[in-house]
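K.L.:
Just so you know, the sequences run in chain order A and B. For what it's worth, the working numbering labels the leading residue of the first sequence as 1, then goes sequentially. For what it's worth, the working numbering labels the leading residue of the second sequence as 213, then goes sequentially. Glycine residues also receive a C-beta, built at the ideal position from the N, C-alpha and C atoms.
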Amino acid sequence: MARRSAPEVNAGSMADIAFLLLIFFLVTTDIAVDSGLSRKLPPIDDNPEQEQVVKKEKNIFALNVNSKNALFLKSGGEEKRIELNELRELAVNFIDNGGGKGDDACRRCQGAKNPKSSDNFQTAVISLANDRLAEYKTYIAVQNEIIAAYNQIRNREFRREYPKSGMNFVEATEKYQDPQTKKAEKADLKEKLETIKLLVPQFFSEAETKNK
Amino acid sequence: MSKFKKKKDGGLPPISTASLPDIVFMLLFFFMVATVIKEDNLLIENKLPSANQIEKLDKKYPISYIYIGKPNSNYVGTYGKEDRIQVNDKFTNIDQVQAFIASERAAIPEELIDKLTVSLKVDQEAKMGVLTDVKQELRKTNALKINYTTRKGDAVEKR
């Protein structure tokens, strides 16, 4: 018998097989969304008879979303209807107002110092109530704008406190969460972030929704 | 004469497709690596709203998912059009949320229990009522870390 060279395998259909697999994975893939607005719920108060902390009315920025998704704001003794795109600016002005005097004075605030609005960062509270029939989309938009307002002030304070870092609060948070950041840098960032969070705390309260 | 004939005949030589499988395999491997197998089979409409002040959820810590939305078109007949809660692969009632959290907690190591984040995937057209009830249940069972999962985008139209 003469030696025969091994017959060549026809690889023409390899592409077809690979395409088949590729299409299978294309169809079954869903790119996971794992980002969003992080929030902490308040723990349930075990003894509600405890005396409630009374806040001055001027320190409360009360938002209300009704069943028609309209947004109402009660602050500084007046109530009015506002649009979503005004909210961020109004919230920043409220938090940053710094209308306090004496012990309540706010050295870092750069706002209008309106005596009818909030005293300082530590006392300003944003409260949100919503109707059960309000849409989730509106709710998220309101939450988003409030976080944006706080971030705006925290960014400013971060830059002022740590001008050498060359970052703002949001960038520093991202850097802190990046798994590639070195441990020593992380510890340093964590300390800075905590300082700013203490300086500009987020006081956000959600009233239980009203039943219709 | 015939020596030269062959060289002259064709116009363009056929393009070699031998590297096509390589290219396809490359794509295939990319998708195989990037794919996350779907965790839950959704029975509800779940179009997430967008927001731009978002933070990434840390995968190091355990995450439980709760979905809220209208039953999708296959289930409208059985479950109606009201917003429903879905955990794992099935519809659930509000009073089972605490049990769900308890079972999630039982499945993770003890030291991670207070790191458990509940990711709320709520349809953008859902009403706040059900979500409020769910949040209340989460408070009762002391699962306080929550995340409103959203897509990246603008929440409010630009002025």
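What's the C-alpha gap between Ser213/A and Ile256/B?
P.N.:
Residue numbering for chain A in the displayed model covers 1 to 212; residue 213/A lies beyond these limits and cannot be assessed.
K.L.:
Per DSSP, what kind of secondary structure is Ser228/B in: helix, strand or coil?
P.N.:
Here residue 228/B refers to the residue found at position 16 when the second sequence is read from its first residue. DSSP places Ser228/B in coil when its eight states are reduced to three.
K.L.:
Taking the CB atoms as reference points, tell me whether Asp345/B and Ile306/B lie closer together than 8 Å.
P.N.:
In the second sequence, residue 345/B corresponds to position 133, counting from 1. In the second sequence, residue 306/B corresponds to position 94, counting from 1. Yes, the pair counts as a contact, with Cβ atoms nearer than the cut-off.
K.L.:
Let me see if you follow: with CB-CB separation under 8 Å, is Phe25/A close to chain B or not?
P.N.:
Taking the first sequence and counting its residues from 1, one reaches residue 25/A at position 25. So yes, Phe25/A belongs to the interface.
K.L.:
With DSSP as the reference, label Gly102/A as helix, strand or coil.
P.N.:
In the first sequence, the residue the question calls residue 102/A occupies position 102. The answer is helix: DSSP assigns Gly102/A an H, G or I state.
K.L.:
What would DSSP say about Asp307/B, mapped onto helix, strand or coil?
P.N.:
The residue given as residue 307/B occupies position 95 in the second sequence. Correct three-state label for Asp307/B: helix.
K.L.:
Opposite Val299/B in the DSSP bridges: which residues?
P.N.:
Taking the second sequence and counting its residues from 1, the one referred to as residue 299/B is at position 87. Partner(s): Lys302/B.
K.L.:
Name the one or two DSSP bridge partners that Tyr277/B has.
P.N.:
Locating residue 277/B in the second sequence gives position 65, counting from the first residue. Beta-bridge pairing links Tyr277/B to Ser331/B.
K.L.:
Return the CA-CA distance between Met340/B and Lys137/A, expressed in angstroms with no decimal places.
P.N.:
As a working note, residue 340/B is residue 128 in the second sequence. As a working note, residue 137/A is residue 137 in the first sequence. Roughly 9 Å separates the two Cα atoms.
K.L.:
Please identify, using Cβ separations under 8 Å, the residues of the region 122–150 of chain A that lie next to chain B, in order along the chain.
P.N.:
So the close ones are Asn130, Asp131, Arg132, Leu133, Ala134, Glu135, Tyr136, Lys137, Tyr139, Ile140, Ala141, Gln143, Asn144, Glu145, Ile147 and Ala148.
K.L.:
Only counting runs of 4 or more residues, tell me where the alpha helix (DSSP H) segments fall wholly within the region 132–186 of chain A, in order along the chain.
P.N.:
Correct list: 136–161 and 169–177.
K.L.:
Is it buried or exposed for Asp96/A, if we count other Cβ within 10 angstroms and need 16 for buried?
P.N.:
Locating residue 96/A in the first sequence gives position 96, where the first residue counts as 1. Classification for Asp96/A: buried.
K.L.:
Assign Thr28/A to one of two classes, buried (16 or more other C-beta atoms within 10 Å of its C-beta) or exposed (fewer than that).
P.N.:
On the first sequence, residue 28/A is found 28 positions in, with the first residue counted as 1. The residue is exposed, with fewer than 16 neighbouring Cβ atoms inside 10 Å.
K.L.:
State yes or no: is the C-beta of Tyr139/A within less than 8 Å of the C-beta of Val92/A?
P.N.:
Walking along the first sequence from the start, residue 139/A turns up at place 139. Walking along the first sequence from the start, residue 92/A turns up at place 92. No, the pair does not count as a contact, with Cβ atoms beyond the cut-off.
K.L.:
When DSSP labels each residue in this structure, what does Glu57/A get in the three-state scheme?
P.N.:
Mapped onto the first sequence, residue 57/A falls at position 57. Glu57/A falls in the helix class under three-state DSSP.
K.L.:
Are the CB atoms of Phe61/A and Ala220/A within a distance shorter than 8 Å?
P.N.:
Shown here, chain A extends from 1 to 212; a query on residue 220/A therefore has no answer.
K.L.:
Residues in its own chain within less than 6 Å of Asn286/B by CB, not counting five upstream and five downstream?
P.N.:
Along the second sequence, read from residue 1 onward, the residue named residue 286/B stands at position 74. None.
K.L.:
Going by the beta-carbon positions, is the gap between Leu41/A and Lys347/B smaller than 8 Å?
P.N.:
Within the first sequence, residue 41/A is the residue found at index 41, counting from 1. Within the second sequence, residue 347/B is the residue found at index 135, counting from 1. Going by C-beta atoms, Leu41/A is nearer than 8 Å to Lys347/B.
K.L.:
Just curious, the alpha helix (DSSP H) that Thr28/A is in, first and last residue?
P.N.:
Counting from one through the first sequence, the residue named residue 28/A turns up at place 28. Here the alpha helix (DSSP H) through Thr28/A covers Met14 to Thr28.
K.L.:
Leaving out five residues on either side along the sequence, give the residues of the same chain with a beta carbon under 8 Å from the beta carbon of Ser205/A.
P.N.:
Here the question's residue 205/A lines up with position 205 in the first sequence. These residues qualify, in order along the chain: Pro42, Val125, Ile126, Ser127 and Leu128.
K.L.:
Does the region 320–330 of chain B come close enough to the region 261–279 of chain B to have 3 or more Cβ pairs within less than 8 Å?
P.N.:
As far as the Cβ criterion goes, the region 320–330 of chain B touches the region 261–279 of chain B, which means the pair count is three or higher.
K.L.:
Go through its chain and collect everything with a Cβ distance to Leu84/A's Cβ below 8 Å, but skip five positions before and after it.
P.N.:
Here residue 84/A refers to the residue found at position 84 of the first sequence. Cβ within range, chain order: Leu71, Thr138, Ala141, Val142 and Glu145.
K.L.:
Suppose you measure from the CA of Gln180/A to the CA of Pro321/B; what does that come to, to the nearest Å?
P.N.:
Taking the first sequence and counting its residues from 1, one reaches residue 180/A at position 180. Taking the second sequence and counting its residues from 1, one reaches residue 321/B at position 109. The straight-line gap from Cα to Cα measures roughly 25 Å.
K.L.:
Can you find a CB in chain A that lies within less than 8 Å of the CB of Gly341/B?
P.N.:
Indexing the second sequence from 1 puts residue 341/B at position 129. Answer yes: the Cβ-Cβ gap between Gly341/B and chain A drops below 8 Å somewhere.
K.L.:
Looking only at DSSP bridge pairs, what is Phe72/A linked to?
P.N.:
Your numbering for residue 72/A matches position 72 in the first sequence. Looking at the DSSP assignment, Phe72/A forms a beta bridge with Asn64/A and Arg81/A.
K.L.:
If we define contact as Cβ-Cβ less than 8 Å, is Ala18/A a contact residue for chain B?
P.N.:
The residue given as residue 18/A occupies position 18 in the first sequence. Chain B contact via Cβ: present.
K.L.:
Can you name the residues of chain B whose CB is closer than 7 Å to the CB of Lys40/A?
P.N.:
Residue mapping note: residue 40/A aligns to position 40 of the first sequence, counting from 1. Neighbours of Lys40/A on chain B, chain order: Leu356 and Lys357.
K.L.:
With a threshold of 8 Å on Cβ separation, who are the neighbours of Leu260/B within its own chain once the five nearest residues in sequence on each side are excluded?
P.N.:
Residue numbering aside, residue 260/B sits at position 48 when the second sequence is read from its first letter. Once the five neighbours on either side are set aside, the close Cβ partners of Leu260/B are Lys333, Val334, Asp335, Gln336, Thr361, Thr362 and Arg363.
K.L.:
On the CB-based measure, 16 or more other CB atoms within 10 Å of its CB, does Ala311/B come out buried or exposed?
P.N.:
Within the second sequence, the letter at position 99 stands for residue 311/B. Classification of Ala311/B: exposed, given that the 10 Å Cβ count is below 16.
K.L.:
Using CA atoms only, rank isn't needed, just tell me which of Lys113/A, Leu37/A and Ser117/A is closest to Lys74/A.
P.N.:
Stepping through the first sequence from its first residue, residue 74/A is reached at position 74. Nearest option by C-alpha distance: Ser117/A.
K.L.:
What does the alpha-carbon distance come out to for the pair Gln152/A and Leu37/A?
P.N.:
Here residue 152/A is taken as the residue at index 152 of the first sequence, counted from 1. Here residue 37/A is taken as the residue at index 37 of the first sequence, counted from 1. Roughly 16 Å between the two C-alpha positions.
K.L.:
Just the Cα atoms here: how many angstroms apart are Lys212/A and Thr290/B?
P.N.:
In the first sequence, residue 212/A corresponds to position 212, counting from 1. In the second sequence, residue 290/B corresponds to position 78, counting from 1. Confidence in Lys212/A is poor, its pLDDT being 38 and thus under 50, which makes the residue's placement unreliable; the coordinate value appears in the next sentence. Each residue's Cα considered, the two are about 27 Å apart.
K.L.:
I'd like to check one pair, Met244/B with Phe25/A: are the Cβ atoms closer than 8 Å?
P.N.:
Taking the first residue of the first sequence as 1, we reach residue 25/A at position 25. Taking the first residue of the second sequence as 1, we reach residue 244/B at position 32. For Phe25/A and Met244/B, yes; Cβs fall inside 8 Å.
K.L.:
Determine the direct distance from the alpha carbon of Arg132/A to that of Arg154/A, and round the result to whole angstroms.
P.N.:
For the purposes of this step, residue 154/A is taken as the residue at position 154 of the first sequence. For the purposes of this step, residue 132/A is taken as the residue at position 132 of the first sequence. Arg154/A and Arg132/A: Cα-Cα distance of roughly 32 Å.
K.L.:
Starting from the C-beta of Gln298/B, find all residues in its chain whose C-beta is less than 6 Å away, skip the five residues before and the five after it, and write them out in chain order.
P.N.:
What you label residue 298/B is simply residue 86 of the second sequence in a count that begins at 1. The residues are Leu255, Ile256 and Tyr279.
K.L.:
CA-CA distance, Glu79/A and Asn359/B?
P.N.:
Numbered from 1 along the first sequence, position 79 holds the residue referred to as residue 79/A. Numbered from 1 along the second sequence, position 147 holds the residue referred to as residue 359/B. Whole-angstrom Cα-Cα distance: 31 Å.
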